[in-house]
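Please read the structure below before turning to the comments.
Residue numbers (the numbering used here): 896 to 982.
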């Protein structure tokens with residue numbers, strides 16, 4: 896099942912909602928997204944990133960630095976970075 900379909904099923908609570916329920920869900924989702932975009936464009940804070948994603952990004956940056964310094968070859972880099980990418 897695709898992530899989009901799973902998101903809709905979880906949000907609506909049904910695998911096969913009728914068209915009116917589906918349209919109502921889309922309207923609510925669009926309104927929430929619009930409010931978030933307006934808040935960010937007006938200088939509001941974006942949602943803070945989770946610590947685990949910050950740590951993964953930092954680890955990948957360190958591996959990229961080691962690759963550019965010649966401490967790792969491309970195969971070693973790819974082997975090490977895959978643990979942070981879910982591959």
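Just so it is clear, CB atoms sit at the ideal spot from N, CA and C, and this is done for glycine as well.
What you are looking at is a predicted structure, and each value in this text was computed from that prediction instead of being measured.
Look at the stretch 923 to 962 and you find no whole run of alpha helix (DSSP H) that is 4 residues long or longer.
Look at residue 973 here: in three-state DSSP terms it is helix. In this structure, DSSP gives residue 905 a helical state, which the three-state scheme calls helix. In this structure, the CA atom of residue 918 is about 11 Å from the CA atom of residue 907.
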